[in-house]
Amino acid sequence: MWQLSNKTNTLDLHAQFIWVDEFDWQALAQSDPVYTLTGAVDIQQGTKKAGRPITLDGTHTRTSRADLATLQAWADIPELTMTLTHPKGKKYQVIFARPNITNINFIKQYKPEDEEDDDKCTLNLHFLTTE
């Protein structure tokens, strides 16, 4: 299971969240080629230290309304750095990316007076690494 922790609380996220952009990011950055007056080409390269996107697709998961409310509250805290733990144990220091929570779809449509904390929804979560 995925886990998201701030300094005081931990939220367990379903193991079936899929990291959809895991292999879209490259740590190596490269400038566009620039030609000098002598005709030589100047290309600079460097390694990115942070900013890797982590998008968790929850299309096949179920998240409770209570957990969604917690995620939304955390997303509204400026500069909140959290630890996201992959189901295989690897940890990432992350912040919410904008948009932070998308594609929220409740499984069953309720009238507002029927809402319960254990109502289930699907959603996508968006993070950026800070280290």
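Per the working numbering, residue 5 is the first one in the sequence shown, and the count goes up by one each step.
Cβ atoms here follow ideal geometry from the backbone N, Cα and C, with glycine treated the same way.
Since the model is a prediction, treat every value here as computed from it, not as a measurement.
Going by DSSP in three states, residue i sits in which element: helix, strand or coil?
i: D16; result: strand
i: W23; result: strand
i: A70; result: helix
i: Q97; result: strand
Please classify residue i: is it buried, with 16 or more other beta-carbons within 10 angstroms of its beta-carbon, or exposed?
i: T67; result: buried
i: L41; result: exposed
i: M5; result: exposed
i: T85; result: exposed
i: F27; result: exposed
Residue i lies in the beta strand (DSSP E); which residues open and close that run?
i: L84; result: Careful: L84 lies outside any beta strand (DSSP E) and carries neither H nor E.
For residue i and residue j, what's the separation of their Cα atoms in angstroms?
i: D71; j: L15; result: 7 Å
i: I99; j: T63; result: 22 Å
Ordered along the chain, which non-local residues of its own chain (more than five positions away) have a Cβ less than 8 Å from that of residue i?
i: L32; result: Q49, G50, T51 and K52
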